[in-house]
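Residue numbers (the numbering used here): 18 to 411.
We put the beta carbon where it would ideally sit given N, CA and C, even for glycine.
Following this line, the structure appears as structure tokens:
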């Protein structure tokens, strides 16, 4: 069987990216893959051995690291107006004679970010131009972006799209995409296995509030300092009002966007209490095991909150995009009380009030998740069905 290319993977230092690769590979045990990655070293470090046994890892060429090549390609593009030339260099292992029949684009999450869209469109165009069919998995897109003709045409060029939440699904249909080619199903990472080995020492299993904070939310908040100040106030409130511990849990550890940066600030403020721990970095399955041992979870990174939802942990999302609202709405029927948009965060009391509601409705939320998650996990397997159909068609 031909290998299927997995594209738009930024590397497993983002454990959400890792979780998607891991989950897709496990849902398709009969299939071998070629993974195009921004960092081979990260994938070798974090992906489980049983997944790597069926996944050939190829690192993208980083043109910025080669000044002469960069200059030559820049001059070529200037003369020819060939905007895809840089991408043919970057993705050389899946172009030319090595082109795959099918490329599964697993960076559907990236369509939430306007600054990333241009490269996504060019990559999809390049793949189509060489005869490779494409599927977009786990898509979330801000509805207003679909008013752009270039984005809409790009979406229409995919063989299939799986939308991971209903806001995106309805926006795609309203924009004119066919129901036959857009499938509503949860993110593949809902099916990620849980590994409880190497749980953090000092963590009170079942009586800990897991907290994840991303430096990204500062980019969306009206006040750059409000997120950190709000989390500080929340942790102090939890320590004062309950007997629970707090685990600070990173989910992205890239130098350019490292959850440890804000989490270390929180840890040093509270470490002398003896009730706050900063967890070590670990693979996605083990990270999910840590989150599964929490009593509550408050998170910013989407796949950290998916790990919490899928292990039936009452969760508050401090969100900044359509994906947070859509996923919560599909699980609970509403995002109210379950998502606190960071754009609306003005004072620490808002986060404390949102936490208080979560705390007071713990049993109700667990009951709701206990019913919703088995259905979500089953439905998430449609991602694999779509890939199988596309592989046969290609």
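Within 10 Å of its beta-carbon, does residue 360 have 16 or more other beta-carbons around it, so buried, or fewer, so exposed? With fewer than 16 other CB atoms across the displayed protein chains lying within 10 angstroms of its CB, residue 360 is exposed.
Touch check for the region 135 to 153 and the region 38 to 58: three-plus C-beta pairs under 8 Å? Contact between the region 135 to 153 and the region 38 to 58 is absent, because fewer than three Cβ pairs lie under 8 Å.
Which value, in whole angstroms, describes the spacing of the CA atoms of residue 229 and residue 131? Approximately 24 Å between the Cα atoms of the pair.
Output needed for residue 398: all residues of its chain with C-beta closer than 7 Å, excluding positions within five of it in sequence on either side, in chain order. Within the same chain, residue 398 has close Cβ partners 44, 208.
Just list the alpha helix (DSSP H) runs in the region 236 to 287, keeping only unbroken ones of 4 residues or longer that don't cross its boundaries, in chain order. Taken in chain order, the unbroken stretches of alpha helix (DSSP H) that lie wholly in the region 236 to 287 and span 4 residues or more are 243 to 258, 277 to 287.
Buried or exposed, going by whether 16 or more other CB atoms sit within 10 Å of the CB of residue 400? Per the 10 Å Cβ criterion, buried.
Just list the residues that DSSP pairs residue 359 with in beta bridges. DSSP, once it has assigned bridges, lists no residue as partnering residue 359.
Anyone know if the C-beta pair for residue 290 and residue 266 falls short of 8 Å? No, the Cβ-Cβ distance between residue 290 and residue 266 is not below 8 Å.
Residue 34 by DSSP, collapsed to three states: which one? Taken through DSSP and simplified to helix, strand or coil, residue 34 comes out as helix.
Alpha-carbon to alpha-carbon, residue 405 and residue 41: Near 11 Å, if we compare the C-alpha coordinates of residue 405 and residue 41.
Would you mind sorting residue 72 into buried or exposed? The rule is 16 or more other CB atoms within 10 Å of its CB. Burial check for residue 72: the Cβ neighbour count within 10 Å reaches 16 or more, so the residue is buried.
Are at least three pairs of beta-carbons, each pair with one atom in the region 305 to 321 and one in the region 210 to 229, less than 8 Å apart? Three or more beta-carbon pairs separated by less than 8 Å link the region 305 to 321 to the region 210 to 229, which places the two stretches in contact.
Is the beta carbon of residue 227 sitting closer than 8 Å to the one on residue 287? For the 8 Å CB-CB criterion, residue 227 and residue 287 do not form a contact.
I need the straight-line Cα distance from residue 371 to residue 362, nearest angstrom please. The straight-line gap from Cα to Cα measures roughly 11 Å.
Please report the distance separating the alpha-carbon of residue 112 from that of residue 105. So the two alpha carbons sit approximately 7 Å from each other.
Residue burial classification, residue 303 (beta-carbon count within 10 angstroms, cutoff 16): Buried, because 16 or more other Cβ atoms sit within 10 Å of the Cβ of residue 303.
Give me, in chain order, the residues of the same chain whose beta-carbon lies closer than 6 Å to that of residue 317; leave out the 5 immediate sequence neighbours on both sides. So the list reads 229, 230, 231, 234, 335, once near-sequence residues are dropped.
Name the residue from 300, 197, 395, 402 whose alpha carbon lies nearest to the alpha carbon of residue 66. The shortest CA-to-CA distance from residue 66 to any of 300, 197, 395, 402 is the one to 300.
What do you get for residue 25, buried or exposed, if any count of 16 or more other CB atoms within 10 angstroms of its CB means buried? Classification of residue 25: buried, given that the 10 Å Cβ count is 16 or more.
Look at the Cβ atom of residue 319, then the Cβ atom of residue 332, and state whether they are nearer than 8 Å. The answer is no: Cβ separation not under 8 Å.
Would you mind reading off the limits of the alpha helix (DSSP H) that contains residue 172? DSSP places residue 172 in the uninterrupted alpha helix (DSSP H) bounded by 166 to 174.
Nearest CA to the CA of residue 146: which residue from 392, 175, 127? Per the Cα distances, 175.
Using a threshold of 8 Å, state whether the C-beta atoms of residue 245 and residue 196 are closer than that. No, Cβ-Cβ distance for residue 245 and residue 196 is not below 8 Å.
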